[in-house]
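These notes concern the structure reproduced below.
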Amino acid sequence: MHALSLIRRFRERGDKFLPEAEAKEVLEAAGIPTTRCHIVENAAQACSMAEAIGFPVVLKISSPRLLHKTEAGGVALNLQTPREL
Numbered sequence: 073m074h075a076l077s078l079i080r081r082f083r084e085r086g087d088k089f090l091p092e093a094e095a096k097e098v099l100e101a102a103g104i105p106t107t108r109c110h111i112v113e114n115a116a117q118a119c120s121m122a123e124a125i126g127f128p129v130v131l132k133i134s135s136p137r138l139l140h141k142t143e144a145g146g147v148a149l150n151l152q153t154p155r156e157l
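The numbering of the sequence shown is the working numbering, which starts it at 73 and goes up by one.
What follows is the structure, encoded as structure tokens:
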């Protein structure tokens, strides 16, 4: 999908900001490379995805009410094993 079409769709929803996964979708549509992003809903899914894409991984909370993930303790960097997830 074209980047401007994506932005238009998000604006029509009335959102005030783009969540990270959607912002990356817009960047990719515009030809700007980004890091891989996968949304999971629980620890089992996180482990499965991390094993599929390979360690190390970064784990971030995804919430429309939380803009500053790092300050809220919602980011874990350089996770090397399923146990660390």
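Even for Gly, the Cβ is constructed at its ideal location relative to N, Cα and C.
Rounded straight-line distance, which links the Cα of residue j to that of residue i
i	j	result
E84	P91	15 Å
A124	C109	13 Å
A144	S135	12 Å
T107	D87	23 Å
R155	V129	12 Å
R137	F89	10 Å
A75	A101	5 Å
Residue range of the unbroken beta strand (DSSP E) whose run includes residue i
i	result
A148	V147 to L151
L131	V129 to K132
Endpoints, alpha helix (DSSP H) assigned at residue i
i	result
V98	E92 to A101
Short CB-CB distance (under 8 Å) between residue i and chain B
i	result
R83	Checking the listed chains, one finds no chain B in this structure; it contains a single protein chain.
Whole-Å CB distance - residue i paired with residue j, under 8 Å assumed
i	j	result
L131	A118	6 Å
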